[in-house]
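In mature numbering (1 follows the signal peptide of the UniProt record, and there is no 0), the protein residues as written are -22 to -1, 1 to 256.
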Amino acid sequence: MKKSFFALLTTLLTIYSLSLRAQITDSADPLRPSAPDTTKRVKADSSTSRAVQKPARDSVTYRIKVTADGTANSGNVNRVLLQLTSAIDYELSRQFKLSTNPSFIYGRQNGLLNEREWAGDLRSTFRYDDRLYYLAFGSLEKSNLRKIALRFSAAGGVGYKLVTKPSAYLSVTNVFLYEYTNFIELNDINVLRNSARVYGEYFMGKDKRWSISHTAFYQPALNQKGNVRWNASLSVQVRVTAAVSLRTTAFNSYESIISPGRKNNDFRWTMGLVYEKK
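Structure, rendered in structure tokens:
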């Protein structure tokens, strides 16, 4: 078990260090209900020697999810967009969980490279089984679309689970965030932000085959007037096998401070496949 723990922890840190990325603002919630169920384990009864169920979290558990989606157009507009995202949750103990969501987006239009977005983060969550929990994270981002050479963020705060039913999950988080952005064509920016997020996931149909998830962030700067970032996403997913699902996602992102020649708002709509292992 120790070898397995250190192997996966090394993988997490390697992904984080190699990615040089981090827009975590559109990341999935590591505490969502589709995480592995580790509330039961078998223990021998000392008096009857029969197996009984007992709540426990002694063993380390993990979840891996990989998504590949995009769009392609030809004709008057030649457009290719590829989006690769992943999510890894690793439960270190009954109290702590590590999570990371590395991603890569590549897009070309009429022969020109428009998007080459790298993002990644490393998060730790304390008391993740409780309704009120605590989280801290660091992240990196590099964006060709927004002309960002490097963006670094570090934050800490609290989260609260409003709904934790088997077919519905809803949570809110609020953190204080330090952000440094090195723009290619704009002066560097150091800001403190308040970041509020609402995340939800809902299951429907026979065997919970269908699911809908949504995420929304609002991140105003505390030390710069008029500096605001927000984004939101909506995904519909249908499971086709135990591990593979089809998904379509609409995502919108807005930043008030941008490089010259860039637009404040970006919208993406993609379709693709999801692979998930628990």
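Heads up, the beta-carbon is just placed ideally off N, CA and C, and yes, glycines get one too.
Here DSSP, grouped into helix, strand and coil, assigns aspartate 185 to helix.
Per DSSP, the unbroken beta strand (DSSP E) holding glutamine 215 starts and ends at 206 to 217.
Nearest to leucine 212 by C-alpha distance, out of Gly204, Val150, Met249, Phe130, is Met249. Counted as a single uninterrupted DSSP element, the beta strand (DSSP E) harbouring lysine 120 occupies residues 110 to 121.
Contact annotation: leucine 59 and threonine 49 have beta-carbon atoms nearer than 8 Å. Put simply, of Ile236, Val218, Ser234 the residue whose alpha carbon is nearest the alpha carbon of valine 252 is Val218. In terms of CA proximity to glutamine 197, Arg207 leads the group Tyr84, Arg207, Trp188, Leu100. Distance from the CA of lysine 125 to the CA of threonine 103, rounded to the nearest whole angstrom, comes to 32 Å. If you draw a straight line from the Cα of alanine 199 to the Cα of aspartate 107, it comes to about 31 Å. In this model, tyrosine 156 and leucine 91 are separated by some 30 Å (Cα to Cα). Listed in chain order, the beta strand (DSSP E) elements of length 3 or more contained wholly in the stretch 45 to 84 are 57 to 69, 74 to 78. Excluding the 5 residues flanking it on each side, serine 81 has same chain C-beta neighbours closer than 6 Å at Thr63, Ala97, in chain order. Straight-line spacing of the CA atoms in lysine 120 and proline 144 works out to 37 Å.
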